[in-house]
Amino acid sequence: MGVLKKLLDLYRESLKPVEDEEVEVEEEVNTEDLKEILEHLNEGKLLETPEEGKVFELVPSLDTEEMLFLILNVNEDFTTVIPLSRWIEFATPDDVLINLNGKPYIAQTDIALDIPTQGFNTWFGNRKLYEVGKISEEELKKVKEVYEGSKSEARLTFPEKREFKKIEAGRYLPIWVGMINFAEETAELYQELKELVAEYRKVAPARASEQIRLHGSAKNISFFYDEEKEELFLYPEEEFVGKEGRIIIKYKDKELIFYKGTIKPEYRIPLSREAFDYEFFKEGLRLELL
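In this text, residue positions in the sequence shown follow this note's numbering: the first is 24, and each later residue adds one.
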């Protein structure tokens, strides 16, 4: 049996699927497990905003193999991330060998994911993004060149490499499916929100000053609406940041959940003008601890 065949068998054995992909971190990774993971990484710091060259780990993974991503490109609309793999022996012409914290990895440019830059962290559901390091400018440039069409020095001549690529691509498919589902759920949420705002405005008294009242405070959270960009900014009170909670809108007997998980310092949400009403948000927006 060849070396690559043996390695492929080892790789397959290392992939044990997690039964419930939607389970929250607290249910899948206990405190000791999470501590061990974070000690393995740099500082175990949550990734707040995407930055080119940085690498983050998705925790928990979809299986028992770690899921590391290199942030390749960041623009106003989308952020491109490249999956990394420690199985460097299976490198193909679409892969670039990089150094991360003294360890070799391959950046798999042919399995790139484009993720909306706005609300970047929220597109991974309940999973957390931990910043684990940053690659050099030279390596980042090389990865970009290969991503844009150049080929690396690695060869694709063995069937084991093709099989490895097939399996690796399949590992990240649930993330795409999850993003599609999340986008659909978000669209439904905003549609419900617009309907609630419209219902609220029918019974609310006319407010001549509404156009300039774009910043306000609600229960445990403040908000600001940018009319020009049609974006809603939410700012939880400092004492709640880092704790488990949820951000919701309540109106009559209805409740819409904006976010559930570890509370972040700021949220930036695309929101059309017709879905925003100052008094509606002031009365119904709230942050609650779980």
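Even for Gly, the Cβ is constructed at its ideal location relative to N, Cα and C.
Just so you know, these numbers come straight off a predicted model, no measurement behind them.
Proximity below 9 Å, CB of residue i to CB of residue j
i    : j    : result
Y282 : R269 : yes
G155 : L91  : This sequence places Val at residue 155; Gly is not what is there. In contact: V155 and L91 (Cβ atoms closer than 9 Å).
Y223 : F299 : no
K136 : P106 : The displayed chain sequence assigns Leu, not Lys, to residue 136. Yes.
E315 : R109 : Given that the chain is displayed from residue 24 to residue 313, the structure contains no residue 315 and the question cannot be resolved.
I292 : L255 : yes
I16  : L120 : Only positions 24 to 313 of the chain appear in this structure, which leaves residue 16 out of reach.
L279 : L237 : no
P116 : K165 : no
F113 : L27  : yes
T140 : D118 : no
A241 : R309 : yes
S37  : T87  : yes
E160 : G76  : yes
E251 : L294 : no
E191 : L31  : no
E162 : N122 : yes
Y170 : T102 : no
L219 : Y274 : yes
Boundaries (first-last residue) of the alpha helix (DSSP H) holding residue i
i    : result
V166 : E160 to Y170
Which of helix, strand or coil DSSP assigns to residue i
i    : result
E74  : coil
A130 : strand
K29  : helix
I311 : Looking at the sequence shown, residue 311 is not Ile but Glu. Strand.
F187 : helix
K95  : Checking the sequence shown, residue 95 turns out to be Leu, not Lys. Of the three classes helix, strand and coil, the one that applies to L95 here is strand, per DSSP.
L237 : coil
A298 : helix
R109 : coil
T140 : coil
P83  : coil
V220 : helix
E9   : Absent from the structure is residue 9, since the part of the chain shown begins at 24 and ends at 313.
L196 : helix
T115 : coil
L212 : helix
E44  : With a pLDDT of only 43 at E44, under the threshold of 50, the placement of this residue in the model should not be trusted, and no figure is reported.
K58  : Legend: pLDDT at K58 = 45, less than 50; position of this residue unreliable, no value from coordinates given.
E306 : helix
Element boundaries [beta strand (DSSP E), containing residue i]
i    : result
G268 : E267 to Y274
E278 : K277 to T285
E154 : K151 to K157
A176 : Residue identity differs from the one stated: residue 176 is Glu in this sequence, not Ala. Looking at the DSSP string, E176 is not in any beta strand (DSSP E), and its letter there is neither H nor E.
N122 : D118 to L123
D249 : I244 to D249
P288 : Segment: none, P288 is in no beta strand (DSSP E) and carries neither H nor E.
For residue j and residue i, believed in contact at Cβ under 8 Å, the rounded distance
i    : j    : result
N70  : Y153 : Reading the sequence as shown, one finds Leu at residue 70 and not Asn. Going by Cβ atoms, the distance from L70 to Y153 rounds to 7 Å, so yes, they are a contact pair.
I158 : L93  : 7 Å
L313 : E267 : 5 Å
P83  : R150 : 6 Å
G239 : Y290 : No, G239 and Y290 are not in contact; Cβ-Cβ is about 15 Å, not under 8 Å.
E260 : I244 : 7 Å
F246 : F303 : F246 to F303, Cβ: 11 Å. No contact.
Minimum Cβ-Cβ distance from residue i to chain C less than 9 Å
i   : result
L38 : Absent from the structure is chain C; it holds one protein chain and no more.
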